[in-house]
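Undergrad: To start, I am sharing the structure in question, which I have written as structure tokens.
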Amino acid sequence: MIKCSAVMQHSTLIISDNNMEEKDAGLEALQRIRQSGSTVPFYLISTGSSDVARNALRYGANGFYDKEDFDYEIVQWEIAQYLG
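Residue numbers (this note's numbering): -7 to 76.
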């Protein structure tokens, strides 16, 4: 599992795949980050599961992107909006 505290200390925002070393590792990282009280923007990428999308938003993700319909320009625009 990723060391979430180390990631949070050095991150302006996080873009994570959901299935990294383990299934749902991205959702788990998101939960741990939010439980720590961090509000660092977190964007999750996964493949076609509406349950994953719902959980990501329920756990506090700023955005969810399906790999099959991934549009780099939309992601870039949303991040630019956040960064100002």
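Don't be surprised by glycine CBs; every beta carbon is placed ideally from N, CA and C. In this text, all values refer to a predicted model and were calculated from it rather than measured experimentally.
Hey, would you say Thr39 sits closer than 8 Å to Glu13, going by beta carbons?
TA: no
Undergrad: Run the CB neighbour count on Leu5, radius 10 Å, all protein chains shown included, and call it buried at 16 or more, exposed below.
TA: exposed
Undergrad: Apply the 10 Å Cβ neighbour rule to Tyr74 and answer buried if 16 or more other Cβ atoms are within range, or exposed otherwise.
TA: exposed
Undergrad: On a CA-only basis, which of Ser3, Glu20, Lys15 and Ser8 is nearest Tyr51? Give me that one, please.
TA: Among Ser3, Glu20, Lys15 and Ser8, the Cα nearest to that of Tyr51 is on Glu20.
Undergrad: Label Gly29 either buried or exposed according to how many other C-beta atoms from any shown protein chain fall within 10 Å of its C-beta, with 16 as the threshold for buried.
TA: exposed
Undergrad: Whole angstroms are fine: how far does the CA of Gly18 sit from the CA of Ser8?
TA: 6 Å
Undergrad: Mapping DSSP to helix, strand and coil, what is Tyr51?
TA: coil
Undergrad: Along the chain, where does the beta strand (DSSP E) that runs through Ser36 open and close?
TA: Position check: residue 36 holds Leu in this sequence, whereas Ser was assumed. That run of the beta strand (DSSP E) goes Phe34 to Ser38.
Undergrad: Are the CB atoms of Leu36 and Asn11 within a distance shorter than 8 Å?
TA: no
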